[in-house]
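Before any comments, here is the structure.
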Amino acid sequence: MHHFIVIEGPLGVGKTSLAKMLAKRIKAHSLLEDVEENPYLINFYQDPKKYAFQTQIFFLLRRYKQALEMGQLDLFKTATISDYLFDKDRIFARTNLDDKEFWLYEQLFQILKKRIRPPDLVLFLQARTEVLAQRIKKRNRKFEKSISYKYLDKINQAFNEFFFHYTESPLLVVNASEIDFVNVPEDFEDLVQHIMQMKSGTQYYVPLSAKMQKK
């Protein structure tokens, strides 16, 4: 049994939707990130160079606070599903900050990281950039309207690079371009079964609907 499951991936890939569904399905506590509470985020998308550092520090400290709160839960009584990995903040920081800003950020990140419990399982939702762009446009969040395709693609590549080398926890890589776990119950149930059977190392999950299309 996985007591602490994290669902990660780039913007628009479906992390929060899957986290909510999975938490309900296995009767787990959900730890969800509210990105809209960051007061610098709208300004960042309008002027990245000016507001990147403030945006990243806010996210880093907020995620650290949530991680400490989660540490007070009895994970052996109730599993927890989170829609973000603490390390994800560093992915954005490395992409958004200049070298001097990142050096300062990194000092703080490494101090805080030492107190963070690694997940029992990480799901990396992987999707093509054009799919992410379509989903972001569809959900129509005000602060995301100024996200450029170039920036989105850069973030997507950064996530792929990070998880290609990730070994801290068991990792299930999910082809999220071809799955519709929200509207196709068979897709969701098949994914849940793979999550429950996942034990160690890195595995790659091909959605049931994608397999059937190839037949």
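In this text, residue positions in the sequence shown follow the numbering used here: the first is 7, and each later residue adds one.
Glycine included, C-beta positions come from ideal geometry on N, C-alpha and C.
Starting from D137, trace the alpha helix (DSSP H) both ways and give me its first and last residue. Here residue 137 is taken as the residue at index 131 of the sequence shown, counted from 1. Inspection of the sequence shows that residue 137 is occupied by Val rather than by Asp. First-last of the alpha helix (DSSP H) with V137: 135 to 145.
Report buried or exposed for F194, applying the criterion of at least 16 other Cβ atoms within 10 angstroms of its Cβ. As a first step, residue 194 is located in the sequence shown; it is residue number 188 there, counting from the start. That one is buried.
For the alpha helix (DSSP H) that S23 lies in, which residues bound it at each end? If you number the sequence shown from 1, residue 23 lands on position 17. 21 to 32 is the span of the alpha helix (DSSP H), which, as asked, contains S23.
Contact the region 87 to 96 vs the region 43 to 52: 3+ CB pairs below 8 Å: no
Would you kindly work out how many angstroms separate the C-alpha atoms of R100 and G18, rounded to a whole number? By one-based count along the sequence shown, residue 100 stands at place 94. By one-based count along the sequence shown, residue 18 stands at place 12. Taking the straight line from one Cα to the other gives about 20 Å.
In whole angstroms, give me the CA-to-CA distance for L129 and M204. Sequence index remark: in the sequence shown, residue 129 carries index 123 (1-based). Sequence index remark: in the sequence shown, residue 204 carries index 198 (1-based). Answer to the nearest angstrom: the Cα atoms are 10 Å apart.
Name the one or two DSSP bridge partners that I87 has. The residue given as residue 87 occupies position 81 in the sequence shown. For I87, which the question treats as bridged, DSSP gives the partners I11, S36.
For my contact list, F165 and P54 are in at a C-beta cut-off of 8 Å; report their separation, rounded to the angstrom. Here residue 165 is taken as the residue at index 159 of the sequence shown, counted from 1. Here residue 54 is taken as the residue at index 48 of the sequence shown, counted from 1. Their Cβ separation, rounded to whole angstroms, is 18 Å, which puts F165 and P54 out of contact at 8 Å.
Closest Cα partner of E4 within the set L131, K119, Q199, Q140: Absent from the structure is residue 4, since the part of the chain shown begins at 7 and ends at 221.
For N162 and L138, believed in contact at Cβ under 8 Å, the rounded distance: Within the sequence shown, residue 138 is the residue found at index 132, counting from 1. Within the sequence shown, residue 162 is the residue found at index 156, counting from 1. About 6 Å; that satisfies the 8 Å criterion.
Euclidean distance between Cα positions of D105 and Q60: Position 99 of the sequence shown, counted from the first residue, corresponds to residue 105. Position 54 of the sequence shown, counted from the first residue, corresponds to residue 60. C-alpha separation (whole angstroms): 15 Å.
Helix, strand or coil for Y172, going by three-state DSSP, please let me know. Stepping through the sequence shown from its first residue, residue 172 is reached at position 166. In this structure, Y172 counts as coil in the three-state DSSP scheme.
Any chance you could list the alpha helix (DSSP H) runs of at least 4 consecutive residues sitting entirely within the region 179 to 218, in chain order? 191 to 203
Of the listed residues G207, R123, Q113, V212, nearest to H9 (C-alpha basis): Numbered from 1 along the sequence shown, position 3 holds the residue referred to as residue 9. Ranking G207, R123, Q113, V212 by Cα distance to H9 puts R123 first.
Delimiting residues of the alpha helix (DSSP H) encompassing F65: The residue labelled residue 65 in the question sits at position 59 within the sequence shown. 54 to 76 is the span of the alpha helix (DSSP H), which, as asked, contains F65.
Taking the CB atoms as reference points, tell me whether V180 and L28 lie closer together than 8 Å. Taking the sequence shown and counting its residues from 1, the one referred to as residue 180 is at position 174. Taking the sequence shown and counting its residues from 1, the one referred to as residue 28 is at position 22. Cβ atoms of V180 and L28: not closer than 8 Å.
Do L74 and D95 have their CB atoms nearer than 8 Å? One-based indexing of the sequence shown puts residue 74 at position 68. One-based indexing of the sequence shown puts residue 95 at position 89. In this structure, D95 does not lie closer than 8 Å to L74 by Cβ.
If you follow the beta strand (DSSP E) that L114 is part of, which residue opens it and which one closes it? Sequence index remark: in the sequence shown, residue 114 carries index 108 (1-based). It is not in any beta strand (DSSP E) - L114 instead sits in the alpha helix (DSSP H) that spans 105 to 119.
Under 8 Å by Cβ, that's how I've got Q72 and L37 pegged, so tell me the actual separation to the nearest angstrom. Here residue 72 refers to the residue found at position 66 when the sequence shown is read from its first residue. Here residue 37 refers to the residue found at position 31 when the sequence shown is read from its first residue. At roughly 6 Å, the Cβ-Cβ gap stays under 8 Å, so Q72 and L37 are in contact.
Throw me the rounded Cβ distance for the P213 and E184 pair, which I believe falls under 8 Å. As a first step, residue 213 must be located in the sequence shown, where it is residue number 207. As a first step, residue 184 must be located in the sequence shown, where it is residue number 178. The pair is a contact, with the Cβ atoms about 5 Å apart (cut-off 8 Å).
With a 10 Å radius around its C-beta and 16 neighbouring C-beta atoms as the bar for buried, classify F170 as buried or exposed. Working through the sequence shown from its first residue, we reach residue 170 at position 164. Exposed: under 16 other Cβ atoms inside 10 Å.
Check whether chain D comes within 8 Å of R141, counting only Cβ atoms and requiring the distance to be less than that. The chain inventory of the structure shown lacks chain D, comprising one protein chain alone.
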